[in-house]
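Spelled out as structure tokens, the structure:
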């Protein structure tokens, strides 16, 4: 019997502002979704917040993000995760770099200035791949930021989120990534 070499896992890099909530949650959700389908991916995340000529990350993952993911998936690696700024090495390792909203186009432009052509052919923007049949449905255009809560009421009609809202957010994020995944899978698994 001939041994079949396993295919190399796809490597995804999710980017949000501070790398404390949206992008680390997305990396966990993506890994879990693909594992359920029998696919192996490696995912990571980074901060796209550009200040004073460099990318800057939060100090730690949001506690409510950790709790919400644990409620959905049980123990995850998010508890031990350390947020980090977007770096050229991370872009170079990734097959696709997924920016989680319209506002991150500016982050991609900053990355191009800083890192040259490292992002060429790799950048994907959540807002350009999801179903936009209802232009009033903002969730389908960008991933809202539950951490600072500034745009939370705009999406959910509630005050700044607490743990309960984060639990709902984890489910919303999973749904949003499921909407995005057909386009991503088309790009990642073209040869299968």
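Numbering (my numbering), first residue to last: 10 to 201. Beta carbons: idealized from backbone N, C-alpha and C, even for Gly.
Please report the residue range of the alpha helix (DSSP H) in which residue 123 lies.
113-124
Taking all protein chains shown into account, do 16 or more other C-beta atoms lie within 10 angstroms of the C-beta of residue 29, making it buried, or fewer, making it exposed?
buried
Using DSSP's beta-bridge definition, name the partner residues of residue 133.
107
State the CB to CB distance for the pair residue 36 and residue 23, rounded to an integer number of angstroms; the pair is presumed to be in contact (CB under 8 Å).
About 5 Å separates the beta carbons of residue 36 and residue 23, which is inside the 8 Å limit, making them a contact pair.
Using only the alpha-carbon positions, how far apart do residue 39 and residue 106 sit?
13 Å
With a threshold of 6 Å on Cβ separation, who are the neighbours of residue 99 within its own chain once the five nearest residues in sequence on each side are excluded?
The residues are 22, 55.
Measuring straight from C-alpha to C-alpha, what distance separates residue 128 and residue 76?
33 Å
Should residue 50 be labelled buried (16 or more other beta-carbon atoms within 10 Å of its own) or exposed?
buried
Look up residue 65 in the DSSP assignment and give the residues it is bridged to.
58
When you compare each of 126, 120, 122, 113 to residue 135 by their alpha carbons, which one comes out closest?
113
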